[in-house]
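Data first, discussion second: the structure below is written as structure tokens.
Numbering (full-length UniProt numbering), first residue to last: 1 to 353.
Shown next as structure tokens:
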């Protein structure tokens, strides 16, 4: 995240040497009172000069209920024994959130001090000293202990459904599909619910579907009444397959009992919108869904500027009806999808919409 901010700030300096400083940070940074908001910051901040409340992902991830966050800087763990924070003033921000869908085995709470935007560049330079020594220390300070079980992902029959052995579906919040003909573990898919601010199970984070799980993926879309799919990876990059294409190139294809028909494709500069029609083999209601694929985020790196991605997420929000099922988000690994939902969607939903 700091790397993302650093690259954006460098770009800003080159393009806006004689303009009022602009800021497009997605982290919880205190904005100076004399700073004029840019178009990007208007997407992120509304009303309060310090921004609106942001959910503490660690508290919600660990199943805690409402909490009071001690500061507005917990976008990334900042180990106070490694980095001096004497020059930064904490900004108390009360936060009320929905409890997580499921219990936790353990938990911890993190609270850190805000970094004023005027001091961010100096802070980043400090972290980069001595061959990025403090960056490395920050990374090493992140707690790696597991707080949830993943017994279903570890079952032998389900291991082949996981793209990577170490990217699992936690038991307490996993999506449970309907059982097919009493087949053992036919209810498993590597996907987890994520709560929103105003709605439980508002999102689903999943891995890029495998050929063996195409039918399970579309069955999940159907059973969850999802009308919006967010794809955060390209199919191919640097001549390497990043995600298998799980939709028809043209016309219709069956994936298990679900018929998927491609109706329309709209290719834009940074993302592509596809419209699909879904129908169950047994008949019933025909559904129309949107598939939004962001194509400008490199697999090894970050975008040069956050605004296109924020506008993409705004488009996602606009197309998804309030009464619809969870927004399903996936990348290649599932991890980035979790991050996007936890940080970008939560921040934008709470701050702007």
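Backbone N, C-alpha and C fix where the C-beta goes; we use that ideal spot for every residue, glycine too.
Distance between residue j and residue i (C-alpha atoms, nearest Å)
i	j	result
residue 170	residue 157	16 Å
residue 257	residue 163	23 Å
residue 303	residue 309	8 Å
residue 132	residue 120	16 Å
residue 250	residue 288	16 Å
residue 174	residue 239	33 Å
residue 305	residue 154	39 Å
residue 165	residue 159	7 Å
residue 255	residue 128	49 Å
residue 172	residue 203	15 Å
residue 229	residue 325	11 Å
residue 115	residue 200	31 Å
residue 242	residue 151	27 Å
Endpoints, the alpha helix (DSSP H) within which residue i is located
i	result
residue 125	117 to 141
residue 173	From DSSP, residue 173 is part of no alpha helix (DSSP H); its letter is neither H nor E.
residue 157	156 to 159
residue 223	214 to 223
For residue j and residue i, believed in contact at Cβ under 8 Å, the rounded distance
i	j	result
residue 307	residue 272	Wrong, their Cβ atoms sit about 18 Å apart, outside the cutoff.
residue 180	residue 321	So it is not a contact: roughly 29 Å between Cβ atoms.
Where the beta strand (DSSP E) containing residue i begins and where it ends
i	result
residue 194	188 to 194
residue 205	203 to 206
residue 231	228 to 231
residue 330	327 to 330
Among the options, nearest to residue i - alpha-carbon criterion
i	options	result
residue 205	212, 215, 214, 189	189
residue 192	279, 220, 181	220
residue 214	260, 277, 226	260
residue 319	329, 292, 254, 300	292
residue 280	253, 266, 212	253
residue 297	312, 326, 248, 265	312
residue 263	152, 235, 275	275
residue 316	211, 232, 151	232
residue 223	285, 248, 235, 237	285
Interface flag, residue i vs chain D, CB-CB below 8 Å
i	result
residue 243	Protein chains in the displayed structure number just one, and chain D is not present.
Q) Which whole runs of the beta strand (DSSP E) in the stretch 238 to 323 are 3 residues long or more, in chain order? A) 252 to 255, 258 to 267, 271 to 280, 287 to 294
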